[in-house]
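Okay, structure first, notes after.
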Amino acid sequence: MQALPEYSDVVVVGAGNAALCAALAAAEQGASVLVLERAPETESGGNTRFTAGAIKCVYDGVEDLRALMPHLTEDEIRVTDFGQHPESKYYDDMGRETQYRSDPDLTEALVARSRDTIRWMSSKGVRFLPMYGRQAFRVDGKFKFWGGLTVEATGGGPGLVEALTKAVLKAGIPIAYEARAMALVADDDGVKGLRVKHRGRTVHVRAKSIVLAAGGFEANAEWRTRYLGPGWELAKVRGTRFNTGDGIRMALDVGAMPTGNWSGCHSVGWDRNATEFGNLQVGDNYQKHSYPFGIMLNANGERFVDEGADVFSYTYAKYGRVVLAQPGQFAWQVFDRKAQPYLRDEYRFKGMTKVRADTLEELVRKLDDVDPARALDTIKAFNAATPGPEIRFDPNVKDGRRTRGLAIPKSNWANAIDEPPFEAYGVTCGITFTFGGVKIDTRTQVHDTDGRVIAGLYAAGEMVGGLYFFGYPSGSGLMSGAVFGRIAGREAALRARG
18 MQALPEYSDV VVVGAGNAAL CAALAAAEQG ASVLVLERAP ETESGGNTRF TAGAIKCVYD
78 GVEDLRALMP HLTEDEIRVT DFGQHPESKY YDDMGRETQY RSDPDLTEAL VARSRDTIRW
138 MSSKGVRFLP MYGRQAFRVD GKFKFWGGLT VEATGGGPGL VEALTKAVLK AGIPIAYEAR
198 AMALVADDDG VKGLRVKHRG RTVHVRAKSI VLAAGGFEAN AEWRTRYLGP GWELAKVRGT
258 RFNTGDGIRM ALDVGAMPTG NWSGCHSVGW DRNATEFGNL QVGDNYQKHS YPFGIMLNAN
318 GERFVDEGAD VFSYTYAKYG RVVLAQPGQF AWQVFDRKAQ PYLRDEYRFK GMTKVRADTL
378 EELVRKLDDV DPARALDTIK AFNAATPGPE IRFDPNVKDG RRTRGLAIPK SNWANAIDEP
438 PFEAYGVTCG ITFTFGGVKI DTRTQVHDTD GRVIAGLYAA GEMVGGLYFF GYPSGSGLMS
498 GAVFGRIAGR EAALRARG
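Read left to right, the sequence shown gives residues 18 to 515 (the numbering used here).
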């Protein structure tokens, strides 16, 4: 694309999952659509490209899944308990993880529209498959899915971006790369266009409707420190370097209401020596989510969190913050031979921070920046507090193997770390996205600080505030982006077309 058009019915800012869904939905209504992507084409797709592609949707049984994944074989169905994920469970997950602060109207829209939206994505060419290996372990010859998460996009985040981009181009929608939206043009009647810096040159694009889907501010160290607090400038950024809060800033500049958990974020255990921003060659392999099957030690050689409080899907997005609060902003995840078969694929990535030893004494000496004597005492005390074989270990459910007598318990999967070889993985905090954003309604219209709709302005994806607080149910982010992106595109097009 050589030059930006002077006018488009709908302009979508961003080119990740939410933005591309918005563009497709707008085109369905007959609107002319333009997509602006700040990144070059080789880095396009926002945070979506850096995800594993997990998407949390409502389904009532295997027939719903077959509608999404027609390639499921009879053998796979025979050896797999896919279970169900009804609306009631989705609501429970959202309520529990956000401490019931999530906007009830937005939550209802997310949950109620998830099944139809993921089928719509499938109709656009996105392919899905079951999350074997990450959300289901084989026990007694059968896989059992857990955590309310069963489906992922084929090819993970990169595959999702590729499929949606292909659909957008097929629909005749132009994507302008290296096109950074700088400011909204608005008056008393609403938004009228944008000021855009396209490959170093400032231009203006007129539009009747604008959809902002440009992500949060996690890649902006100054904003992280301002809103999340001291020390957050030291966190690694899991995803794109381009999510610096431009969409949020532009909306606030025209009077949008800030809302939601501005001091909160999605943050995980991330390789201690990972690059400062997401690495497309590594993808999500820097993440380390198998801690429920081991223990975590800080620089003092002490445990600091209940690693088995719940399945990782309900704890991983908030434990990054806990790691960041430790001395030196790091921890070591420790496993023995029994746990190693249950470690996720990212633990086999060659570039990780890892040590291995045949004795615990040798292992603790290899843990960089950790008090080895205290670490050894902590492991021995943990081992002495674990239950016996009368409580069966089961990686697919909260098995009740709980420690006794420790100041910080481990509530499930508490197996003694006593069978060599031993492995440990160094982690720090990796921030995925921020929870604070702009206020929208269920039509994704952006509201101003007086509670009025800013005519023609819509928002979707990670820059929406009010949906997540404190925690986050795994896979709901991509679903949220798709649901609200689709709504935003349709509403923006209907307004533009009169």
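Beta carbons: idealized from backbone N, C-alpha and C, even for Gly.
* **Ile448 to Val351 span [Cα, whole Å]** => Along the sequence shown, one-based indexing puts residue 448 at 431. Along the sequence shown, one-based indexing puts residue 351 at 334. Rounded to whole angstroms, Ile448 to Val351 spans 22 Å at the Cα level.
* Going by Cα to Cα distance, which pick from Val470, Val322, Leu384, Ala180 is closest to Leu423? -> As a working note, residue 423 is residue 406 in the sequence shown. Closest by alpha carbon: Val322.
* Residue of Glu23, Ser61, Gly62 minimising C-alpha distance to Arg49 -> The residue you call residue 49 lines up with position 32 of the sequence shown. It is Ser, not Arg, that sits at residue 49 in the sequence shown. Answer by Cα proximity: Glu23.
* Asked: Below 8 Å, can you find three or more Cβ-Cβ pairs linking the region 456-471 to the region 269-277?
  -> yes
* So does the region 84-103 actually touch the region 193-203, counting three or more Cβ pairs closer than 8 Å? -> Because the criterion of three Cβ pairs below 8 Å is not met, the region 84-103 and the region 193-203 do not touch.
* Whole-angstrom distance between Leu314 and Arg391, CA atom to CA atom -> The residue you call residue 391 lines up with position 374 of the sequence shown. The residue you call residue 314 lines up with position 297 of the sequence shown. Distance between the alpha carbons of Arg391 and Leu314 is about 10 Å.
* Asked: Would you call Gln298 buried or exposed, if buried means 16 or more other Cβ atoms sit within 10 Å of its Cβ?
  -> In the sequence shown, the residue the question calls residue 298 occupies position 281. It is exposed - the Cβ of Gln298 has fewer than 16 other Cβ atoms within 10 Å.
* Asked: Which residue's Cα is closest to the Cα of Arg255: Gly172, Cys282, Thr242, Ala342?
  -> Stepping through the sequence shown from its first residue, residue 255 is reached at position 238. Out of Gly172, Cys282, Thr242, Ala342, Cys282 has the C-alpha closest to the C-alpha of Arg255.
* Residue range of the beta strand (DSSP E) that Trp137 falls in? -> Within the sequence shown, the letter at position 120 stands for residue 137. Counting along the chain, Trp137 falls outside any beta strand (DSSP E), though it belongs to the alpha helix (DSSP H) covering 121-140.
* alpha helix (DSSP H) runs contained entirely in the region 443-479, provided each spans 4 or more residues -> none
* To do: Report yes if the CB atom of Gly158 is closer than 9 Å to the CB atom of Ala184, and no otherwise.
  => In the sequence shown, counting from the first residue as 1, residue 158 sits at position 141. In the sequence shown, counting from the first residue as 1, residue 184 sits at position 167. Contact flag unset, no.
* For Ile504 and Arg460, the rounded distance between their alpha carbons -> Residue mapping note: residue 460 aligns to position 443 of the sequence shown, counting from 1. Residue mapping note: residue 504 aligns to position 487 of the sequence shown, counting from 1. For Arg460 and Ile504, the distance between alpha carbons rounds to 6 Å.
* So what's Val351 in DSSP terms, helix, strand or just coil? -> For the purposes of this step, residue 351 is taken as residue 334 along the sequence shown, with counting starting at 1. Strand, per DSSP.
* Of all the options Ile312, Ala356, Gly295, which has the alpha carbon lying nearest to the alpha carbon of Phe154? -> Looking up residue 154 in the sequence shown gives position 137. Selected option, being the one with the closest Cα: Ala356.
* To do: Could you say if the region 492-507 and the region 471-478 meet the contact criterion of at least three C-beta pairs nearer than 8 Å?
  => yes
* Would DSSP call Met199 helix, strand or coil? -> Counted from its first residue, the sequence shown places residue 199 at position 182. Strand at Met199.
* Around the Cβ of Glu293, are there at least 16 other Cβ atoms within 10 angstroms (buried) or fewer (exposed)? -> Here the question's residue 293 lines up with position 276 in the sequence shown. Counting Cβ neighbours within 10 Å, Glu293 comes out exposed, since fewer than 16 surround it.
* Top-ranked residue by Cα proximity to Pro57, from Arg197, Glu169, Asp110, Thr90 -> One-based indexing of the sequence shown puts residue 57 at position 40. For the residues Arg197, Glu169, Asp110, Thr90, the minimum Cα distance to Pro57 belongs to Arg197.
* Going by other Cβ atoms of all chains shown within 10 Å of its Cβ, with 16 needed for buried, is Glu407 buried or exposed? -> For the purposes of this step, residue 407 is taken as the residue at position 390 of the sequence shown. Exposed, since its Cβ has fewer than 16 Cβ neighbours within 10 Å.
* Assign Tyr333 to one of three DSSP states: helix, strand, or coil. => Taking the sequence shown and counting its residues from 1, one reaches residue 333 at position 316. Looking at Tyr333 - three-state DSSP - the assignment turns out to be helix.
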